[in-house]
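Heads up, the sequence shown is in our numbering, so the first residue is 1 and it goes up one at a time.
All C-beta atoms in this analysis are idealised placements derived from N, C-alpha and C, irrespective of residue type, glycine included.
Notes for the one structure printed next.
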Amino acid sequence: MHCSICARDTHALTCPTCANTALWPKRYDCILVNTDKEKLQRVVDEYKAGPRQLLAEAILQAKEQHRSLERIEEKHRALQEEVKKGKARIAALRAQNDSRRTQLEERNYGLEGRRGDAKDVVEKETARLRQKCTLLASRTSEARNYLCQEAALLYGLRKGKGLNGKPAILLGGLVAPTVADLNGMHYSHLTSVLGYLSHLLVLIAHYLSIKLPNEITLPSRSSPVTTIRNRSSSKSRPLHIPSPLGALAREDSTHFSLFLDAYAMLCHNVSYVCYTQGLVATGIEEVCRPAECLYRLLVLREVTVPKDRSARPIRFGDFSHGTANGFLGNHEGQSFLKGWTVELGDCQDKVRNTVTCDALGSEWDFVDVVESGIEAGPLAETALGGVDGGWMRIKGGRKR
């Protein structure tokens, strides 16, 4: 703002306002100069105080570095000691290894020759023991053969004629039954001959050291009759009957069923013994004739020729559960037993079907004979033995 007085060409300021306006640039410049001066003063003060702080920090850092250097030197000395100890240990181990190497070379000198000599000695001893074991096994088989043959002779196992004049197997002077003869045989005769057959089979299994699949219990004080049971069951089956088989089926069906199971187990045992000694049954019909199978095995000495001609035939007494050679429990024995395909269930079905069908046929034959006797009169009834005297098997020619 300019006034008319101060705007004149004079060097003096008249009003305060114009004077104040004229002084503002000088004041601003003064403020800037003072500000720069303060900044420079602070820089100078910092510069004056800086060397002392830096010196103190440098002294502390030097002391810390000195302590670190001392620690490093101590660790270096410890490592040097460990290195010395390690070198000494390595030297000792090298010396020990050199000593062992020298001893090993001394001992290995001529080792191949000594090893060959020792191998020859072991092979000769092994061959001698194997030959001795084979000879002992052969003698054992011969002894088993002799004992079983003598047992069969003592029990009178032979071939003869039955009641109807047909060829039959005799055991202890009695006709040994087949499954087809069970219905027509007297119950005391049947009980006796099955007892003989069981005793002979137990004796043969004992001589051959064979574990039967069905355990036979011979008569004793605790059990006066012969029984048999499967090893997977605790219930014994009787090998005896107290009455004729037909009457037993009507009066005591449980005993009748158990007896048929017992006879099937006996046939199963005989088939197992025959197979382990080289006689293979050709069918279930042959399996259900146990006395004939034992006769062929013990008396006739029949052996089934293997289909593979390169395979060695099984000799009597080769396999058993009591010797290392021919042990039936090892891999070779188990492989051999895989060829035995006779199942106990098949034997039971065959025995039941045969006995049942035979009994039904016999009853019809008896009815026909009774009817013809009634038509013929009292004379025919007397010839038949009376209606109450029993029944007769017309086809078999046997009366009971």
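**Asked** If you draw a straight line from the C-alpha of serine 188 to the C-alpha of glutamine 131, how long is it?
**Response** 51 angstroms
**Prompt:** Is there contact here, the segment 224-234 with the segment 271-291, by at least three beta-carbon pairs under 8 angstroms?
**Reply:** no
**Bridge-paired residues (DSSP) for asparagine 230** = Asn214
**Message:** Can you tell me whether leucine 23 is buried or exposed? The criterion is at least 16 other CB atoms within 10 Å of its CB, across all chains shown.
**Reply:** exposed
**Message:** I need the straight-line Cα distance from lysine 87 to arginine 107, nearest angstrom please.
**Reply:** 30 angstroms
**Request:** Tell whether a beta-carbon distance below 9 angstroms holds between valine 273 and leucine 201.
**Result:** yes
**Prompt:** DSSP state of leucine 171, grouped into three classes?
**Reply:** strand
**Request:** Alpha carbon to alpha carbon, how far is lysine 85 from arginine 101? Give it in angstroms, no decimals.
**Result:** 24 angstroms
**Message:** Could you give the first and the last residue of the continuous beta strand (DSSP E) run that contains arginine 158?
**Reply:** 158-161
**Item:** Exposure label - valine 44; buried when at least 16 CB within 10 Å
**Value:** exposed
**Prompt:** What is the rounded straight-line gap between the Cα of glycine 344 and the Cα of glutamate 125?
**Reply:** The sequence as given places leucine at residue 344; glycine does not occur at that position. So the alpha carbons of these two residues sit roughly 46 angstroms apart.
**Asked** In terms of alpha-carbon separation, which member of Met265, Pro177, Thr134 and Tyr207 lies closest to cysteine 347?
**Response** Met265
**Request:** Tell me whether valine 369 sits in a helix, a strand or coil according to DSSP, three-state version.
**Result:** Reliability of the predicted coordinates at valine 369 is poor, the pLDDT of 40 falling under 50, and the value obtained from them is presented with this limitation in mind. DSSP places valine 369 in helix when its eight states are reduced to three.
**Option nearest arginine 352 by Cα separation, candidates Asn230, Leu182, His240 and Asn269** = Leu182
**Inter-residue CB distance, serine 276 and phenylalanine 327 (contact presumed, cutoff 8 angstroms)** = According to the sequence as given, residue 276 is threonine; it is not serine. With 8 angstroms as the limit, threonine 276 and phenylalanine 327 do not qualify as a contact, their Cβ atoms being about 12 angstroms apart.
**Prompt:** Between the C-alpha atoms of histidine 206 and alanine 180, what's the straight-line distance to the nearest angstrom?
**Reply:** 29 angstroms
**Request:** Following the continuous alpha helix (DSSP H) through proline 290, name the residue where it begins and the one where it ends.
**Result:** 290-298
**Asked** Does DSSP classify serine 141 as helix, strand or coil?
**Response** helix
**Item:** When Gly184, Glu215, Pro25 and Tyr28 are compared against leucine 239, the one with the closest alpha-carbon
**Value:** Glu215
**Message:** Less than 8 angstroms between C-beta atoms, sequence neighbours within five positions excluded: which residues of the same chain meet that for cysteine 293?
**Reply:** Val270, Ser271, Cys274, Leu279, Ala281, Glu286 and Val287
**Item:** Own chain, CB closer than 6 angstroms to proline 378, minus 5 neighbours either side, in chain order
**Value:** Any reading at proline 378 must be qualified, since the residue scores a pLDDT of 43, below 50, and its modelled position is unreliable; the value itself is stated next. Counting only Cβ-Cβ distances below 6 angstroms, and skipping sequence neighbours, we find nothing.
**Request:** Can you say whether glycine 110 is buried or exposed, counting buried as having 16 or more other CB atoms within 10 angstroms of its CB?
**Result:** exposed
**Message:** Quick check on isoleucine 59: buried or exposed, where buried means 16 or more other Cβ atoms within 10 Å of its Cβ?
**Reply:** exposed
**Asked** Hey, how far is the Cα of leucine 444 from the Cα of glutamine 149?
**Response** Residue 444 cannot be examined here, being either before or after the span of the chain that is shown, 1 to 400.
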